[in-house]
Amino acid sequence: MPRVVVDVVLKPEISDPQGQAVLGALGRLGHDGVRSVRQGKHFVLDVEGTPDEAELREIAETLLANPVIEDVELHLPTD
Amino acid sequence: MRIGVITFPGSLDDVDAARAVRLAGAEPVALWHAEHDLKDVDAVVLPGGFSYGDYLRAGAIAARAPLVRDVVDRARQGMPVLGICNGFQVLCEAGLLPGALTRNGHLHFRNRDQALRIERADTAWTQDYEAGQRIVVPVKNGEGRYVAAPVDLDRIEGGGRVVVRYVEGNPNGSMRDIAGVTSEDGRVVGLMPHPEHAVEDLTGPSTDGLGFFTSVLKAVVSA
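Quick mapping for you: the protein sequence lines, in order, are chains A and B.
Residue numbers for the first sequence follow our numbering, so the first one is 5 and each next one is one higher.
Residue numbers for the second sequence follow our numbering, so the first one is 5 and each next one is one higher.
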């Protein structure tokens with residue numbers, strides 16, 4: 005069954021306190037080279053038949069992400 | 005006057021909201037999120053809580069519930085709608101109000117009595133207040149930080165859409181201390197603090213919240 009992946013992250017201009025907390029923990033663990041952490045969501049959808057890109061884009065942009073504050077990336081199966 | 009209070013799976017404050025409606029002198033009408041039935045109400049309150057466990061994003065799944073689609077249609081025709089806390093999150097997710105609510109800046113749940121300034125005393129839900137009035141009502145949230153892109157915030161401020169602002173301390177890192185906003189026509193209002201918990205001396209820090217529920221009585225009559 006074709007697998008579609010959707011990644012959602014906060015827009016760059018929206019601050020991400022969870023990512024900042026992770027960055028702080030990395031610093032305390034000695035990982036000084038990490039400059040920024042942005043936390044997001046990763047959705048894995050198994051779909052029947054040939055994935056309909058327009059429908060999947062609608063799903064990604066109207067439910068999985070909130071376009072007011074989040075950017076979304078749709079990854080269709082490559083075969 | 006009939007004011008509906010919607011219950012979603014995970015709603016917590018629907019009973020208090022119905023009580024505030026009754027104390028204001030209206031008849032509270034229980035509405036269920038999964039039905040296409042607004043039961044001839046004149047206005048609707050979306051209460052606080054954790055609808056659908058805040059899964060996906062707070063309010064995201066509730067905003068797609070059958071009854072909320074009906075509320076959106078009626079709101080666009082001028083029916084007054086109030087969203088409190090989770091209800092505010094639902095109204096933003098449903099596209100009735102601008103902006104979004106995200107995890108508190110300090111990452112902690114915050115529960116306290118909160119001072120607010122009424123910025124707009126001419127909406128359907130705030131006309132019993134005076135512009136600039138200070139009120140105190142409880143605030144309790146983990147995902148109450150009001151955010152939008154800077155250009156959108158300028159548009160929200162410029163359009164006079166901010167209804168209430170946090171004063172004497174911002175409980176969650178909301179941008180520009182915004183605690184609540186309204187729709188362009190002033191009929192839909194959403195706020196994170198809880199006016200329905202401040203309607204009786206016995207149980208609240210004040211009775212300052214009652215004005216939201218008495219205001220709408222006049223708004224419905226004058227509509």
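Yeah, the Cβ is synthetic: ideal placement off N, Cα and C, and Gly gets one too.
Asked: Alpha carbon to alpha carbon, what distance is there between THR127(B) and PHE217(B)?; Found: 12 Å
Asked: Could you check whether the Cβ of SER19(A) sits closer than 7 Å to any heavy atom belonging to the ligand ZN?; Found: Only the bare structure without any ligand can be found here, which leaves the ligand ZN out of the picture.
Asked: Going by Cα to Cα distance, which pick from ASP158(B), ASP44(B), TYR56(B), GLU97(B) is closest to GLY14(B)?; Found: TYR56(B)
Asked: Is there a Cβ from chain B that is less than 8 Å from the Cβ of ILE63(A)?; Found: no
Asked: For ASN115(B), count the other beta carbons within 10 Å of its own beta carbon; 16 or more makes it buried, fewer makes it exposed. Which is it?; Found: exposed
Asked: Rounded to a whole number of angstroms, what is the C-alpha to C-alpha distance between GLU97(B) and GLY63(B)?; Found: 6 Å
Asked: According to DSSP, is PRO142(B) helix, strand or coil?; Found: strand
Asked: Please list the partners that PRO21(A) has in chain B, where partner means a Cβ-to-Cβ separation under 9 Å.; Found: THR106, ARG107, ASN108, GLY109, HIS110, LEU111, ARG149, GLY177
Asked: CB-CB under 8 Å to ASP73(A), same chain, minus the five flanking residues each way: which ones, in chain order?; Found: The sequence given here places Ile at residue 73(A); Asp does not occur at that position. Excluding positions up to five away in sequence, the list reads LEU14, LYS15, ILE18.
Asked: Does DSSP put ARG180(B) in a helix, a strand or coil?; Found: helix
Asked: Applying a beta-carbon distance threshold of less than 7 Å, which residues of chain B neighbour GLU17(A)?; Found: ALA153, PRO154
Asked: Using 8 Å as the threshold, is the region 86-94 of chain B in touch with the region 40-55 of chain B, meaning 3 or more CB pairs across them?; Found: yes
Asked: Which residues in the same chain as LYS144(B) place their Cβ atom closer than 6 Å to its Cβ, once the five residues preceding and following it in sequence are excluded?; Found: ASN115
Asked: When Cβ atoms are compared, which residues of the region 65-84 of chain B fall closer than 8 Å to chain A?; Found: ARG68
Asked: Measure from the C-beta of GLU97(B) to each C-beta in chain A and report whether the shortest distance is under 8 Å.; Found: yes
Asked: I'd like to check one pair, TRP129(B) with VAL193(B): are the Cβ atoms closer than 8 Å?; Found: yes
Asked: From GLU134(B) to ALA125(B), what distance separates their C-alpha atoms?; Found: 5 Å
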